[in-house]
Each structure stands twice: as C-alpha cells, then as structure tokens.
Amino acid sequence: MREPPTERPCQPGWSVRLGVPASDSPKALTKRGPIVASVQVQPHDRTTRGPARPCTIRLRARQSLLRIALFAVKKKAPFTVVDPAERQLITRAQNGELAAFNELVERYERLVYAVSVRLLRDHHHAEDVTQETFIRAYTSLSQFSGPSFRAWLTRIATNRCYDVLRGMQRRPAQSLDAQLVEDEPRWSLEPPPDDPEQRMLHRALGARLEVALDQLAEDQRLTVLLYDVYGYDYDEIAQIVDVSLGTVKSRISRGRARLRDLLKADHESRELFDAVRRHISDDDTDGERPAPRSWKAERSE
Amino acid sequence: MTDRPNNQDGGITEPAHPSDDELSAYLNRDNADLAARQRLEAHLENCAECRDRLAELRTVVRLLRGFEHPVPKRSFRLDPSMVPAPLPLPEPLRIDPWIVRVQPALRRLTAIAAVLLVLLVTADILTHRNSSDNGSREVSALSSASRATDGTSVMSAGAAESASKSTAAAAQVPAATAASGGGSSSAGSSAEAPVTSSAATSASSEGTSVSGSSAADATSNEAVTPEASAAALAVQQTEASGQPTAEAAQAPNATTHGSRSYWRLVELGVGVVVIWLLFLTIVLPRLPRQRRS
C-alpha cells in the first residue's frame with residue numbers, strides 16, 4: 048500500500064519528496080525489489096540554484112530511503128539529504144544546549160574515534176584527538192553551515208590527526224590490527240563471514256591489506272578509507288578532503304586497483320587473495336553500502 | 010572502455026575492455042547512465058577476463074568493508090567544565106541594549122504616529138476641499154463678471170452697428186420692449202437687436218428693476234447670459250456692501266492660505282517624526298549586523 052509522499056528537507060531551500068512507503072524500518076527499505084522509489088526534488092524558491100523544475104527520478108535500489116534520495120538528487124544537483132532530527136539537534140546545540148550536542152557526540156564518537164585510530168595508530172592519541180574534535184566542534188558550531196555534520200566533524204578530526212602526526216615527526220608503522228585486543232568490542236561495516244575458516248582467511252588477508260594500505264599515497268589512502276572502510280559518500284569526502292567529486296572518484300578507483308595489485312604481488316598473498324575471491328560470490332550487493340545514520344544502531348549491538 | 014588493446018581474431022574486433030575506473034564505478038553503482046551500465050553488463054557476460062577483474066576489485070572492496078574498528082573505551086560526551094560558556098548568538102551583544110529594550114514601544118509609537126499622520130492629511134483634505142470650493146466659486150464669479158463686462162461693451166458696439174444697418178429687426182423688438190417698459194429709450198431698443206426673445210424677456214425684467222439707470226447700464230444688463238447675470242449680481246452685491254471688488258476677492262483667500270500653511274507645517278512635523286521613528290525601529294537594530302558582516 049502506497050502512502051502519500053513524504054517531504055524531507057535537504058539543503059536549505061530545497062526539499063525532497065519521496066514517493067515511497069513512508070516506512071523507516073530497515074527491513075522494508077532493504078528489501079530486494081523492482082522500482083521502489085520516485086524522488087521529486089522541489090526548490091522552495093526560484094533563487095536557489097539547481098534544477099529549474101521538480102524532477103522525478105525512478106530508480107532501482109535496495110538502499111535506505113535517505114540514500115535513495117541522495118543518489119537521485121546527486122544526479123541533478125549537489126544535494127545532501129539531512130536527517131531532520133539531526134538538523135534539530137544541531138540547531139539546539141547552536142543555541143548553547145549542551146545536552147543536544149552530547150546526543151550528536153553519541154551518534155558520531157565511534158566513527159570519529161575509528162578514523163582517528165586508523166590515521167594515528169595509537170589509542171591514546173586517538174582518544175585525545177576525538178575529545179578535542181568534539182570540543183572544537185562545540186565551540187565553533189556557529190560556523191557549521193552544512194550539509195553533512197559528520198563530514199564536518201571528520202574534517203576537524205583528520206586535520207587534527209595530521210597535526211599530531213606532524214608533531215610526532217614520524218608515521219607510526221605499527222599495524223592497527225596488532226593493537227586490537229581479541230576480547231575487546233569491535234565494529235565493522237560488514238560482519239565477518241559465518242564460516243570460521245573463511246573468517247580466518249579474511250582476517251589474514253585483511254592484515255595484508257592493512258600493510259598494502261600503508262603503501263598508498265596519503266590522499267588515495269584517506270579517500271579509500273573514508274569511502275570503503277567508513278562508508279562516507281562522494282560529497283562528504285569532497286567536503287572533508289576539499290577536492291572535486293571527480294578527483295574523489297578517481298582516487299577511489301586508483302586506490303582500489305593499486306591495493307589489488309599489491310595483494311597479488313607475492314605468491315602467498317595471491318593464493319590467499321584467490322581463495323577469498325572464490326568465496327565472495329558474484330552478487331549485486333556492491334552498491335549497497337551501510338546508510339550513514341546506521342552508526343547509532345550499531346552502537347547498541 | 011579503451012583500457013586494453015583489443016584482441017584481434019580473424020579480423021573481427023571485440024568490444025573494448027572496461028577500464029578499472031569503469032569497473033570501480035560499476036561496483037559503486039555510479040555509472041553515468043543506464044545504457045552504459047547495460048553495455049558493461051553485456052560485455053561482462055561474454056568476457057571472463059573482465060569478470061575476473063571485477064571479482065578482484067569486489068574482493069578488495071569487501072575486505073575493506075570488513076575492516077574492524079575498536080569501540081572507544083570511554084564516552085566523549087562534553088560536560089560544562091570542559092567547554093567554555095556557550096557562545097550566545099553574537100547579534101544581541103552587538104546591538105545597544107537600550108535599542109532592544111525600547112523596540113516594542115518604538116514600534117507602537119511609530120504605528121500611532123503613522124495613523125496620526127494619515128488622520129491629519131485626511132482632515133486637511135476634507136477641510137480645505139470645502140474652503141477651496143468656495144474660493145474657486147468666488148474666483149470664477151469674478152472672472153466671469155469681468156468677461157461679461159468686456160463682452161457687453163463689444164456686443165453693444167456691434168449692436169449699435171447692426172441697429173443702424175437693420176431697422177426691420179429693431180422694429181420687431183420695440184413692441185415687446187414697449188409692452189414691458191414704456192420708459193425705455195430708442196438707444197435701448199436698438200441695443201436689444203441681437204438679443205433673443207428669452208434674453209429680451211429677462212432683459213426687460215432687468216430693465217424694469219433698473220428702470221432708473223442709464224441706457225448703457227441697461228445695455229450691459231441685457232447683453233449677459235444667465236450665469237453672467239448671476240455673476241454680475243454677485244459683483245453688484247459686493248459693491249453694495251461697500252467694499253472694493255479686489256479686496257472682496259482677496260480677503261477669504263488670505264485666511265485660507267494662512268490655515269493651509271499651518272496645516273502643512275503640522276503635517277510636515279508629524280511626517281518627520283514618523284520617518285525618525287521608522288529609522289529607529291527598522292534601520293538602527295540592523296546597523297551593527299551590517300557592520301559586522
């Protein structure tokens with residue numbers, strides 16, 4: 048049963064009208080199926096830049112509602128769909144409400160910390176950077192003008208990480224995987240395979256991939272990390288790294304190709320790589336990346 | 010899709026293999042259009058080598074997504090001691106407090122002053138419309154009277170000429186004149202020549218009222234149109250009151266001008282007050298913001 052279209056704000060002056068069942072349940076949104084959404088982009092006034100008239104895009108996707116809108120809108124104009132609840136929290140925090148800001152901290156602390164740990168390879172430094180990031184974000188929240196709050200936070204965090212790395216005068220060579228204690232809680236975008244043997248293979252190849260990542264150029268490494276490891280969008284990465292969308296896409300593609308070549312460089316790695324590749328069967332779940340707002344849900348697991 | 014050289018087999022050219030960029034975009038579901046995606050899928054169906062390359066890239070992506078991240082051991086929630094006092098929005102600090110405090114009163118005052126101005130202007134218009142009507146009536150009466158006087162002198166000259174030329178026309182009129190006023194002279198009857206019968210009737214009645222006056226007077230009275238006669242009557246009345254005509258016309262105008270200038274002065278004053286209040290209400294609170302930006 049189709050419900051009347053729901054309207055969601057994206058950037059100021061625009062709203063996205065979603066002609067899909069107004070259900071936010073992950074099960075409904077990730078259900079495999081034919082055309083599930085028609086997105087209409089409606090400018091609030093004529094002065095806003097973007098498509099001259101509302102455009103309706105029908106697409107086949109199994110992504111979350113907001114990501115469908117994001118994908119559709121991205122094709123026509125530079126939009127980022129913003130969670131209205133988050134927008135409300137930001138506004139309240141901008142008015143000096145610390146409790147509202149702490150809700151935002153809860154949403155993103157895990158992500159900011161993970162990025163910091165990945166860049167710094169040191170838990171203590173990463174904790175410091177994460178705390179500093181949130182303090183800086185709170186004190187300069189009036190400067191935030193959107194669209195993506197988490198991209199803004201991540202930009203603060205990565206800048207701070209590079210400052211710390213410059214202060215250390217060296218790049219830590221210790222693998223992050225070696226620092227992860229077995230019994231400590233972890234999270235990832237994709238759960239490990241159920242089969243213990245495959246899980247072991249994945250983990251072994253993952254360690255080699257970590258080493259390969261260190262051999263990438265810094266800009267490629269950061270872009271690949273943000274897109275594939277942490278699930279940021281092109282627009283968000285462009286905002287964090289301050290480059291064009293085309294550059295982001297190019298860096299992702301070249302970074303992946305380089306990682307593949309590095310993994311296939313020696314005989315042992317190649318065998319491992321082929322074993323894992325055979326396991327990862329051909330499926331069409333490639334474009335289905337976790338929704339940006341799924342972090343909190345994962346926290347509670 | 011020109012990444013690799015085409016395999017040539019028996020002169021038949023195979024479609025070009027997709028580049029790593031295209032395969033990567035395919036994995037991200039980021040192909041520019043549906044047709045390109047369909048072309049790529051069609052190629053993948055027939056090309057095992059490209060399927061392998063895609064599978065390799067997919068493996069890399071899946072491994073990257075499977076990277077595990079540590080969960081922070083502590084919360085990063087902020088408490089008030091960690092952050093400086095929340096920065097309030099800068100606008101209220103920049104604006105002088107008294108402006109903010111008096112804003113509601115200023116707004117009300119502006120509204121009242123604006124209404125007062127409208128009332129004043131309306132009252133001015135209503136009041137001076139009546140007086141200006143009277144004034145214009147007097148002025149028109151004066152002008153028509155002077156016109157009538159000029160007209161009669163011209164007409165009487167013409168009448169003298171016509172009287173000398175045509176005696177037949179003159180012969181018709183004296184009958185009526187003689188019937189009404191027997192004391193009228195021959196000059197009077199000759200002057201009546203161009204006048205119509207109705208005018209003659211009115212002239213005869215006038216002639217009756219001013220029977221003792223001279224022939225020239227009778228001529229002037231007889232030659233005017235009905236409105237001119239009314240104007241002349243007004244002039245006569247003012248003359249009868251013993252004032253000179255020029256003075257009689259100027260006296261009410263002077264009083265009107267005096268009251269009008271008073272009204273204008275009051276309206277101007279209230280207008281200036283309204284403008285100042287508007288400035289205080291609208292422009293002043295925005296000045297600091299503009300300066301800051």
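Protein sequences, first through last, are from chains Y and W.
Take 48 as the starting number for the first sequence in the working numbering and just add one per residue.
Take 10 as the starting number for the second sequence in the working numbering and just add one per residue.
Where is the CB? At the ideal position from N, CA and C, for every residue including glycine.
Euclidean distance between Cα positions of residue i and residue j
i, j, result
"W:ASP39", "Y:ARG301", "15 Å"
"W:ALA122", "Y:ALA140", "42 Å"
"W:ARG60", "Y:GLU179", "46 Å"
"W:THR131", "W:VAL292", "28 Å"
"Y:LEU151", "W:ALA25", "49 Å"
"W:PHE85", "Y:GLU153", "8 Å"
"Y:ALA184", "Y:VAL288", "17 Å"
"W:LEU53", "Y:GLU257", "30 Å"
"Y:VAL295", "W:VAL111", "54 Å"
"Y:LEU200", "Y:ARG207", "11 Å"
"Y:TYR277", "Y:LEU158", "8 Å"
"W:ARG46", "W:ALA34", "10 Å"
"W:LEU287", "W:MET91", "45 Å"
"W:TYR271", "W:TRP285", "21 Å"
"Y:LEU310", "Y:PHE196", "35 Å"
"Y:GLY143", "Y:GLU283", "26 Å"
"Y:MET215", "Y:TYR209", "10 Å"
"W:PRO27", "W:ALA64", "14 Å"
"W:LEU87", "W:PRO113", "38 Å"
"W:ARG273", "W:ARG117", "24 Å"
"W:GLY280", "W:ARG269", "16 Å"
"W:ALA57", "Y:ARG325", "14 Å"
"Y:LEU136", "Y:LEU145", "10 Å"
"W:HIS137", "W:GLY267", "12 Å"
Close Cβ partners of residue i (< 7 Å) along its chain, the five nearest in sequence each way excluded
i, result
"W:ALA177", "The predicted position of W:ALA177 is uncertain, since its pLDDT is 41 and thus under 50; no value can be drawn from it."
"Y:ASP242", "none"
"Y:HIS249", "PRO239, PRO240, VAL323"
"Y:GLU318", "none"
Integer Cβ distance of residue i from residue j, believed to fall under 8 Å
i, j, result
"Y:VAL162", "W:LEU73", "The Cβ separation is near 14 Å, so there is no contact."
"Y:LEU188", "Y:VAL176", "Not a contact, Cβ separation roughly 18 Å."
"Y:GLN262", "Y:ARG298", "Incorrect: roughly 15 Å between the Cβ atoms, too far for contact."
"W:LEU126", "W:VAL283", "5 Å"
"W:LEU36", "W:VAL80", "Not confirmed; about 28 Å, so no contact."
"Y:ILE182", "W:ARG67", "About 40 Å; that fails the 8 Å criterion."
"Y:PRO240", "Y:ARG233", "Not confirmed; about 15 Å, so no contact."
"W:GLY75", "Y:GLU237", "5 Å"
"Y:VAL211", "Y:HIS172", "6 Å"
Amino acids of chain Y, ordered along the chain, whose beta-carbon sits closer than 8 Å to that of residue i
i, result
"W:PRO93", "THR186"
"W:PRO89", "LEU145"
Interface residues of chain W facing residue i [CB-CB closer than 9 Å]
i, result
"Y:GLU174", "PRO81, LYS82, ARG83, PHE85"
"Y:ASN206", "The premise fails here: Y:ASN206 is roughly 17 Å from chain W at the closest Cβ pair, so nothing lies under 9 Å."
"Y:PRO239", "GLY75, GLU77"
"Y:VAL258", "Correct list: empty, because the minimum Cβ distance to chain W is about 12 Å."
Cross-chain neighbours of residue i in chain W, by beta carbon under 7 Å
i, result
"Y:ARG303", "SER33, LEU66, VAL69, VAL70"
"Y:GLN178", "PHE85"
"Y:PHE148", "LEU87"
"Y:ARG157", "VAL80, PRO81"
"Y:PRO232", "VAL80"
Residues near residue i in its chain [Cβ-Cβ closer than 6 Å; skip 5 each side]
i, result
"Y:LEU292", "TYR281, ALA285"
"W:LEU289", "LEU115"
"Y:LEU273", "TYR279, ILE284"
Proximal chain W residues relative to residue i, where beta-carbon distance stays under 8 Å
i, result
"Y:ILE182", "LEU87, MET91, VAL92"
"Y:ALA161", "HIS78, PRO79"
"Y:SER235", "ARG74, GLY75, PHE76, GLU77, HIS78"
"Y:VAL295", "Result: empty, since nearest Cβ-Cβ is about 11 Å, beyond 8 Å."
"Y:VAL271", "LEU73"
"Y:VAL211", "Within 8 Å Cβ-Cβ: nothing; Y:VAL211 doesn't reach chain W, min ~16 Å."
Residues that residue i contacts on chain Y, provided the C-beta gap is smaller than 9 Å
i, result
"W:ASP29", "SER300, ARG301, ARG303, ALA304, ARG307"
Contact set for residue i: own chain, Cβ-Cβ below 8 Å, skip 5 residues either direction
i, result
"Y:LEU306", "LEU256, ALA259, LEU260, LEU263, VAL271"
"Y:ILE203", "THR180, ARG183, ALA184"
"W:GLU276", "LEU126, LEU129, VAL130, ASP133"
"Y:ALA251", "LEU319"
Min CB distance residue i to chain A below 7 Å
i, result
"Y:VAL152", "The structure shown contains no chain A; its protein chains are Y and W."
Residues, ordered as in the chain, of the segment 61 to 78 of chain W that lie near chain Y by beta-carbon distance below 7 Å
From the segment 61 to 78 of chain W, only ALA64, GLU65, LEU66, ARG67, THR68, VAL69, VAL70, ARG71, LEU72, LEU73, ARG74, GLY75, PHE76, GLU77, HIS78 have a Cβ closer than 7 Å to chain Y.
Return the residues of the segment 297 to 327 of chain Y that lie within a Cβ-Cβ distance of less than 8 Å from chain W, sorted by chain order.
SER297, ILE299, SER300, ARG301, ARG303, ALA304, LEU306, ARG307, LEU310, LYS311, PHE320, VAL323, ARG324, ILE327: these are the residues of the segment 297 to 327 of chain Y whose beta carbon lies less than 8 Å from some beta carbon of chain W, given in chain order.
Chain W contacts from the segment 274 to 292 of chain Y (Cβ-Cβ distance under 7 Å)
For the segment 274 to 292 of chain Y, which is checked against every Cβ of chain W, the residues closer than 7 Å are ASP275, VAL276.
Residues of the segment 245 to 256 of chain Y whose Cβ lies closer than 7 Å to any Cβ of chain W, in chain order
Look at the segment 245 to 256 of chain Y: the residues with a C-beta under 7 Å from a C-beta of chain W are HIS249, LEU252, GLY253, LEU256.
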